[in-house]
Amino acid sequence: MAGDYAYRKLGWRKVSVIAFDYGWGHEVAGGFQRVFEELGGQVIQKIWAPVNTADFGPYVASLKPEADGVLDVVTGAASIRLIGELRKAGVLDKKKVLAAGTATDETLLTALGDSALGVLGFLSWSQVLDTPENKRFVQRIKQMTKKDYVGFSAAINYGAAMWIAEAIRQVGGDVENKDKFFQTLRATEIKSSPRGPIKIDKYGHIVQNIYIRRVDKVGNLYQNTVIDTYPSVGQFWKYNPEEYLKQPIYSRDNPPCKYC
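One point on numbering: in the numbering used here, the residue at position 71 of the sequence shown is 1002, and numbering is uninterrupted.
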């Protein structure tokens, strides 16, 4: 869906990608590229960074100026370094950056600081997601931790616990009957969790809302403001699952960078 958002909503036609050089980075970049190029866009550069990269300066310096935007598939502490370099080099003053997953996780926002302002991202939750369930969840976690920020991992694990607890309730606590319990678990849907409705597909993968987020500063605190929503996104996006599973796995070279 990120490729769809970049093409349809951001108006990007040419994109540079900088991603972690391992399976997750390959999968996110590959999925983005497939959707983006099927819509008519062009990925004109793919930069693969080792997960232990300490200095992103050379990578940022090599970004092609003709790109309309940058897809950032780097997370964790490395995200602080990459986004800092993007700001320092003036990239974020000239074009938008769309960051994957937890690149701007709430637990990183203090360290990211003003360098991350305006960075867009896509993820299945935001601390400021405006729903009653999420507001209650965030309030409880803040009371427990005495901290201003609640991380993504807390939200998804809480949602998973809700899902399992509901399945246990439906089988009357009889988890010893494993076949019945797992059948019930697969069929269980949560209509309202901190991240929104959740269920799993027949392949055992989560189906959930994906939110487009923008890093803003409100008062003295940073937040991931939700600016758009893609409802009920599954692992296959809009593709036929059987046909999708026949394709080779995404890698450094698949799909090929034919516009590079």
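Built from N, CA and C at the ideal position, the CB exists for glycine as well.
Values in this document were obtained by computation on a predicted structure and should not be read as measured data.
- Residue state for D1045 is assigned as helix, using DSSP reduced to three classes.
- For the alpha helix (DSSP H) assignment, the uninterrupted runs of no fewer than 4 residues enclosed by the region 1044-1127 are, from N- to C-terminal side, 1063-1076, 1083-1101, 1109-1118.
- The C-beta separation of Y1153 from P1125 comes to about 19 Å, leaving the pair out of contact by the 8 Å criterion.
- Taking C-beta separations shorter than 6 Å and ignoring five residues to either side along the sequence, the partners of P1128 in its chain run K1122, following chain order.
- Between L1048 and V1149, the gap from beta carbon to beta carbon reaches 8 Å or more.
- Taking C-alpha positions only, R939 is separated from L1051 by approximately 15 Å.
- A distance below 7 Å between beta-carbons, with the five flanking residues on each side excluded, links D1036 to the following residues of its chain, in chain order: G1082, F1083.
- In this structure A950 is not in contact with L1029, their Cβ atoms being roughly 12 Å apart against a cut-off of 8 Å.
- Note on geometry: alpha-carbon atoms of P1186 and Q964 lie some 7 Å from one another.
- If you look at V959, you'll find it in the alpha helix (DSSP H) that goes 954-969.
- Below 8 Å, enough C-beta pairs join the region 1090-1103 and the region 1111-1118 to call them touching: three or more.
- Membership of I1011 in the alpha helix (DSSP H) is indicated by the continuous run 1008-1019.
- Take the alpha-carbon of G988 and the one of L994: they are about 10 Å apart.
- Of the other Cβ atoms in all chains shown, fewer than 16 fall within 10 Å of the Cβ of S1163; this residue is therefore exposed.
- A Cβ-Cβ distance of about 17 Å is found for the pair G1032 and L1017, leaving them out of contact under the 8 Å criterion.
- Straight-line measurement puts the Cα of N1171 at about 23 Å from the Cα of Q973.
- Rounded to whole angstroms, the gap between the alpha carbons of L941 and F1112 is 44 Å.
- Here E1097 has T1119 as same chain residues with Cβ atoms under 6 Å from its own Cβ, once five neighbours each way along the sequence are excluded.
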